[in-house]
Amino acid sequence: MRRLATQVDERWNPRTSATIAQLLDRYLETLDVGYSTHRMYTRYLELHVRPFIGHMKAGAVDSE
Numbered sequence: 021m022r023r024l025a026t027q028v029d030e031r032w033n034p035r036t037s038a039t040i041a042q043l044l045d046r047y048l049e050t051l052d053v054g055y056s057t058h059r060m061y062t063r064y065l066e067l068h069v070r071p072f073i074g075h076m077k078a079g080a081v082d083s084e
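Everything in the sequence shown is counted per this note's numbering, starting at 21 for the first residue and increasing by one.
What follows is the structure in structure tokens.
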């Protein structure tokens, strides 16, 4: 657990070859919410997240 925390602190993880779009797809597939909430989340992500950073590798994204 400590090693994982260190990797997160250093922004390093060997499993970050996925794009943001791929992670969004996986997130939406496993999301356990009601129908309207799922639709709202999907719409928000499709309009406001995917077009701007969906193509980026997850490891390349940070708070800046």
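We put the CB at the ideal spot given by N, CA and C, even for glycine.
Check, Outcome
"Skipping 5 residues on each side, what residues in its chain have a beta carbon closer than 7 Å to that of aspartate 52?", "none"
"Please return the same chain residues whose Cβ sits closer than 6 Å to the Cβ of leucine 43, not counting the five positions on each side in sequence.", "Ala78"
"From glutamate 49 to threonine 57, what does the alpha carbon distance come to, in whole angstroms?", "13 Å"
"Could you give the C-beta distance for alanine 41 and arginine 70, rounded to a whole number, given that I count them as a contact under 8 Å?", "6 Å"
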